[in-house]
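**Q** Residue numbers (our numbering): 321 to 669.
The C-beta atom is built at its ideal place from N, Cα and C for all residues, glycine as well.
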Amino acid sequence: MRPLLRAATDTILNPAADRAAIRSAVFELHELFSTIGGVREDHGRPELDRDAWLAGGMAVSPLLAARCLTEVYRTAQFLRGVYAAIGAAMQRFPGQRLQILYPGCGPFATLLLPLTSQFGPEQIEITLIEAQPQSVQSVRRLIDALGLDAWFAAVVQGDALDYSHPPGQPLHMLVLEVMQGALAREPQAALTLHLLPQLAPGGILVPQKIVVDACLTSQAREDFATLERRDATGFPVDHSNLARQRIPLGRLLELSSDSAAGCGSNGHAGRWPPVTVAVPSRPAEENQFMLLTTVHIFGDVVIRDYESEVSHPVILYDLNSVASGAEIEFTYATGSKPGFRYTVAESRP
321 MRPLLRAATD TILNPAADRA AIRSAVFELH ELFSTIGGVR EDHGRPELDR
371 DAWLAGGMAV SPLLAARCLT EVYRTAQFLR GVYAAIGAAM QRFPGQRLQI
421 LYPGCGPFAT LLLPLTSQFG PEQIEITLIE AQPQSVQSVR RLIDALGLDA
471 WFAAVVQGDA LDYSHPPGQP LHMLVLEVMQ GALAREPQAA LTLHLLPQLA
521 PGGILVPQKI VVDACLTSQA REDFATLERR DATGFPVDHS NLARQRIPLG
571 RLLELSSDSA AGCGSNGHAG RWPPVTVAVP SRPAEENQFM LLTTVHIFGD
621 VVIRDYESEV SHPVILYDLN SVASGAEIEF TYATGSKPGF RYTVAESRP
């Protein structure tokens, strides 16, 4: 089983591999992990379909988390980004065994377990955190069956908002992907705020940066992009021309090491400073108000709108009829139901 893990991961990381080969490798990993871990589509176990609501947002069901692995481009980009980040951390912390924290790891620890085939246990040591008990059982089965105990310090069951890294063990990397478009519902922002201060000086956050921008656009164009967003291999279709036709309204939020450090929250309840956008005059068809999410994983490894479910545009239908000249104030709030709150001030006479 370890040779299969290595071969599939090699293919995914290989920049010369074609899309069909990468898709095949991703599905081989899914079959391997789901068979060992027991989180399968034909499970017949209702507990695998249950989401859980935590203090910082939603912990998706084990089955949905497992299904995310089969989102080919997302899996490939994150593995490539995390791989590059580990290489950078080795340069930044020479001679040290990297301590890596991976909260919300799901049933397969998708973003790090495959990389045990690329780095030795003397190079990296991983701590996993997961709230869903069935996901914890699955990932423990994977570690045992694949003989990976030497790579893992612990598998912690619980809410990562309650986690404190052991003193005296510098935390070199935080790998965190618990998000949806516009950072809604899931606890990406809350966990970043809580865990980032526990990183050692110079420690690396993955993703490095997540940004949410507002725009106005045409519903007809966006509907077409939604239908035609991926090719047969699961890779995104080029929609750069679509982006050029949108009317940008401004950046609403940036989640990064720098911005989180200045937020002044422990993650349980926090708000970013409000951002106000002005609605310009526009053609009648440019009436769809949309939030765009871009995930900068590491270096030049990026996921843009329509390229993944984590970056799928969010349409704010109740703002589509807002008059030109109006101002909309957006505030992002963490908590049990994270997301943007907004109010509209109509145009002044």
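1) Taking the runs of the beta strand (DSSP E) that are 3 residues or longer, which of them lie wholly in the region 377–408?
2) Around the C-beta of M321, are 16 or more other C-beta atoms found within 10 angstroms, so that it is buried, or is it exposed?
3) Hey, out of R326, R360 and V359, whose CA is closest to A345's CA?
4) Using the Cα positions of S455 and G655, report the straight-line distance between them to the nearest angstrom.
5) Note down, one range per segment and in chain order, each alpha helix (DSSP H) of at least 4 residues found wholly within the region 434–493.
6) Since I believe P427 is in contact with V531 (beta carbons under 8 Å), could you give me their beta-carbon distance rounded to a whole number of angstroms?
7) Which ranges does the alpha helix (DSSP H) cover as unbroken runs of at least 4 residues, wholly within the region 328–363, from first to last along the chain?
8) Using the DSSP secondary-structure output, state which residues sit across from P556 in a beta bridge.
9) Could you check if F650 belongs to the surroundings of the ligand HEM, using beta carbon to heavy atom distance under 7 Å?
10) Once DSSP output is grouped into helix, strand and coil, what is the label at F428?
11) Around the Cβ of P366, are there at least 16 other Cβ atoms within 10 angstroms (buried) or fewer (exposed)?
12) Can you tell which of F398, V380, V392 and A385 has its C-alpha closest to the C-alpha of V615?
13) If I follow the unbroken beta strand (DSSP E) through L368, where does it start and stop?
14) Give the single residue among I567, A404 and Q508 whose Cα lies nearest to the Cα of A612.
15) Buried or exposed: T355, going by 16 or more other Cβ atoms within 10 Å of its Cβ?
**A** Reading from the atomic positions:
1) 377–379
2) Translated into positions along the sequence shown, residue 321 becomes position 1. Classification for M321: exposed.
3) By one-based count along the sequence shown, residue 345 stands at place 25. Of the listed residues, the one whose Cα sits closest to A345 is R326.
4) As a first step, residue 455 is located in the sequence shown; it is residue number 135 there, counting from the start. As a first step, residue 655 is located in the sequence shown; it is residue number 335 there, counting from the start. Distance between the alpha carbons of S455 and G655: 23 Å.
5) 453–465
6) On the sequence shown, residue 531 is found 211 positions in, with the first residue counted as 1. On the sequence shown, residue 427 is found 107 positions in, with the first residue counted as 1. With a Cβ gap of about 29 Å, V531 and P427 do not count as contacting.
7) 339–357
8) For this step, residue 556 is matched to residue 236 along the sequence shown. Looking at the DSSP assignment, P556 forms a beta bridge with R550.
9) Judged by which ligands are present, the structure shown has none, so any question about the ligand HEM falls away.
10) As a position in the sequence shown, residue 428 is number 108, starting the count at 1. Coil, per DSSP.
11) Locating residue 366 in the sequence shown gives position 46, counting from the first residue. So P366 counts as exposed.
12) Position 295 of the sequence shown, counted from the first residue, corresponds to residue 615. That would be F398, whose Cα lies nearest to the Cα of V615.
13) Position 48 of the sequence shown holds residue 368. First-last for L368: undefined, no H or E at that position.
14) Within the sequence shown, numbered from 1, the residue matching residue 612 stands at position 292. Per the sequence shown, the amino acid found at residue 612 is Leu instead of Ala. Comparing Cα-Cα distances from L612 to each of I567, A404 and Q508, the minimum goes to I567.
15) Within the sequence shown, residue 355 is the residue found at index 35, counting from 1. Label assigned to T355: exposed.
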